[in-house]
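As structure tokens, the structure follows; a few thoughts come after it.
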Amino acid sequence: MPRSGNPDDYGRSPEPEDPNFRGQESSRRSGVGRRIQDLADPLKWIGISLLGTYVATAVAAALPVKLMDPIWINRICGSIRGGVSFPLIAMALIMIGAYLQRTGKEPPMVTNFRRLCSWAALGFLLMIPLQSWAGQKLINLAVQNQQARIQPAQTALRAVYAATNAEELLNAIRIIPGAPPKIGGRFDEPVPKVRERLISEIEPQVLKQKEQLKQVTGEIRRDSIINIVKDGFVALFSALAFSAIGRSKPNKPTFLQRLFGTPRTPEMEELANLFDESEQI
Numbered sequence: 003m004p005r006s007g008n009p010d011d012y013g014r015s016p017e018p019e020d021p022n023f024r025g026q027e028s029s030r031r032s033g034v035g036r037r038i039q040d041l042a043d044p045l046k047w048i049g050i051s052l053l054g055t056y057v058a059t060a061v062a063a064a065l066p067v068k069l070m071d072p073i074w075i076n077r078i079c080g081s082i083r084g085g086v087s088f089p090l091i092a093m094a095l096i097m098i099g100a101y102l103q104r105t106g107k108e109p110p111m112v113t114n115f116r117r118l119c120s121w122a123a124l125g126f127l128l129m130i131p132l133q134s135w136a137g138q139k140l141i142n143l144a145v146q147n148q149q150a151r152i153q154p155a156q157t158a159l160r161a162v163y164a165a166t167n168a169e170e171l172l173n174a175i176r177i178i179p180g181a182p183p184k185i186g187g188r189f190d191e192p193v194p195k196v197r198e199r200l201i202s203e204i205e206p207q208v209l210k211q212k213e214q215l216k217q218v219t220g221e222i223r224r225d226s227i228i229n230i231v232k233d234g235f236v237a238l239f240s241a242l243a244f245s246a247i248g249r250s251k252p253n254k255p256t257f258l259q260r261l262f263g264t265p266r267t268p269e270m271e272e273l274a275n276l277f278d279e280s281e282q283i
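Here the sequence shown stands for residues 3 to 283, where the numbers follow our numbering.
Next comes the structure, spelled out in structure tokens:
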């Protein structure tokens with residue numbers, strides 16, 4: 003008896019394969035490959051252009067070079083942090099372009115870029131203490147500038163307190179902020195009385211300036227510490243992003259996977275061994 007399910011058992015010969023169908027299938031695959039290539043190449047070059055833009059911006063911010071200058075360090079760190087999305091997006095585009103090409107092997111250019119990402123991750127980690135040091139130096143500099151604003155009035159007040167005769171009192175009056183430098187003449191009142199009146203006028207102003215200085219310096223320290231903490235987190239997350247991309251060789255774990263000990267499947271281990279053997283050959 004003929005078996006159901008097998009067309010040949012019913013005496014029907016298989017239909018001959020249409021050669022046009024094979025040609026259409028091959029043409030369709032070729033067209034898909036061209037479209038993928040047309041997409042992969044622009045992605046790669048857009049990524050390279052973004053990397054070039056980022057490097058040019060960072061180099062421009064670093065010129066002129068002033069090592070150990072907190073202002074220069076703060077400027078260059080700010081430029082690197084502010085444009086960190088450029089290299090991350092660039093690497094994503096380059097890797098997507100390489101994946102779409104499906105060459106079966108990671109292109110050497112992608113491998114080199116991913117190695118640089120490992121160094122970039124380390125650089126962002128080192129940036130955290132560096133920018134914190136520069137930020138603290140800038141805080142101290144800003145506080146010193148604010149203190150310098152009331153220094154002349156404090157100096158004049160001390161000179162008035164120390165004056166014991168008319169000449170010393172005149173010299174003290176000359177250094178009072180806003181007083182004419184060539185003031186002279188005689189006092190119509192005794193020196194102690196003039197001195198007490200000057201003290202009663204200058205001292206409240208100095209105390210008021212000190213209170214304002216205390217408030218201003220407090221705001222400077224608070225805002226600066228907030229910025230230092232924020233910049234530290236930006237650098238930390240940037241390091242994590244680069245460590246998720248960076249690795250030394252294809253089919254090797256990334257820096258982030260090594261850090262957190264991400265387990266590798268047997269398939270990944272086999273691919274890594276095959277790659278190592280091919281490199282040795």
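Positions of the beta carbon are idealized from the N, C-alpha and C atoms, including for glycine.
Everything numeric in this text was worked out from a predicted model, so none of it was measured.
Check                                                                                                                 : Outcome
Exposed unless 16 or more other CB atoms sit within 10 angstroms - verdict on G49                                     : buried
Span of the alpha helix (DSSP H) around K216                                                                          : 193-247
Entirely enclosed alpha helix (DSSP H) segments - the stretch 76-152, minimum 4 residues                              : 87-103
Span of the alpha helix (DSSP H) around R176                                                                          : 168-176
Distance, Q207 Cα to E221 Cα                                                                                          : 21 angstroms
L102 versus A42: straight-line alpha-carbon distance, rounded                                                         : 6 angstroms
Cβ distance (whole Å) where I204 is taken to contact A158 below 8 angstroms                                           : 7 angstroms
L124 versus F239, P252, N253, residue with shortest Cα-Cα distance                                                    : F239
Environment of V284 [buried if 16+ CB atoms lie within 10 Å]                                                          : Only positions 3 to 283 of the chain appear in this structure, which leaves residue 284 out of reach.
8 angstroms contact criterion, which A246 and F126 should meet: CB distance rounded                                   : Actually they are not in contact, since the Cβ atoms of A246 and F126 sit about 12 angstroms apart, beyond 8 angstroms.
Buried versus exposed call for T256 [16 or more other C-beta atoms within 10 Å across all chains shown]               : buried
R188 - DSSP class collapsed to helix/strand/coil                                                                      : coil
A174 and A165 closer than 7 angstroms at C-beta                                                                       : yes
Rounded C-alpha distance that separates M129 from V86                                                                 : 13 angstroms
DSSP three-state assignment for G54, whether helix, strand or coil                                                    : helix
Reduced DSSP secondary structure (H/G/I, E/B, other) of P179                                                          : coil
Other residues of its chain near C119: CB distance less than 7 angstroms, five sequence neighbours each side excluded : M93, F244, I247, G248
Among L258, Q259, P252, F262, the one whose alpha carbon lies nearest that of P110                                    : P252
For E213 and I177, the rounded distance between their alpha carbons                                                   : 22 angstroms
Nearest-angstrom beta carbon gap, Q148 and L215 [assumed within contact, 8 angstroms]                                 : 6 angstroms
Under 7 angstroms between C-beta atoms of P99 and K46                                                                 : With the sequence shown as reference, residue 99 is identified as Gly, and Pro is not the correct amino acid for it. Closer than 7 angstroms, so yes.
Rounded distance between the beta-carbons of I230 and Q134, thought under 8 angstroms                                 : It should be pointed out that residue 134 corresponds to Ser in this sequence rather than to Gln. Their Cβ separation, rounded to whole angstroms, is 5 angstroms, which keeps S134 and I230 in contact under 8 angstroms.
Own chain residues within Cβ distance below 7 angstroms of R77, not counting five before or after                     : A63
Cβ-based burial, I1 [other Cβ within 10 Å; buried from 16]                                                            : Absent from the structure is residue 1, since the part of the chain shown begins at 3 and ends at 283.
Length of the line joining the Cα atoms of L52 and W121                                                               : 18 angstroms
Contact under 7 angstroms by Cβ, L172 with V193                                                                       : no
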